[in-house]
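First up is the structure itself, then whatever we jot down about it.
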Amino acid sequence: MLLEEIQTHIEQKGRTSLAQLVMHFDIEAHALEGMLAHLIRKGRIQQLPTPERCHGCTSCSTAALQFYECCQKSRALDQEQQFYCHSCCPNP
276 MLLEEIQTHI EQKGRTSLAQ LVMHFDIEAH ALEGMLAHLI RKGRIQQLPT PERCHGCTSC
336 STAALQFYEC CQKSRALDQE QQFYCHSCCP NP
């Protein structure tokens, strides 16, 4: 059931970070990573390339920069795309 909830949450958000999922589901990151890996293997979601840094605070955790999105909503990534950790940076 939780796998479906995670997938639905990612579908609704469009793109979400591991840190956001940890806060939303109140589950430790290492436990979520296993569930996310399962959804990736099933072709339901994909992990986006990890950006070099947050374009807001530039000092956030790596979990805040691990982004996931649904495969059906996949978008082409360009070099100009900016990622914000959302844990301490407001939405642009």
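Counting in the numbering used here, the sequence shown runs from 276 upward without gaps.
Backbone N, C-alpha and C fix where the C-beta goes; we use that ideal spot for every residue, glycine too.
Taking DSSP as the reference, what is the three-state secondary structure of residue i?
{"i": "Glu-303", "result": "coil"}
{"i": "Ala-351", "result": "At Ala-351, the pLDDT of 45 sits below 50, so the modelled position is not reliable; the number obtained from the coordinates is stated separately. Ala-351 falls in the coil class under three-state DSSP."}
{"i": "Ala-294", "result": "helix"}
{"i": "Pro-367", "result": "Annotation note: pLDDT 45 at Pro-367 (below 50); position unreliable, no value reported."}
{"i": "Glu-308", "result": "helix"}
Opposite residue i in the DSSP bridges: which residues?
{"i": "Gln-322", "result": "Tyr-343"}
How far does the alpha helix (DSSP H) with residue i in it extend, from its first residue to its last?
{"i": "Ala-288", "result": "The amino acid occupying residue 288 in the given sequence is Lys; Ala does not appear at that position. Element bounds for Lys-288: 277-288."}
Throw me the rounded Cβ distance for the residue i and residue j pair, which I believe falls under 8 Å.
{"i": "Leu-307", "j": "Ile-320", "result": "Actually they are not in contact, since the Cβ atoms of Leu-307 and Ile-320 sit about 12 Å apart, beyond 8 Å."}
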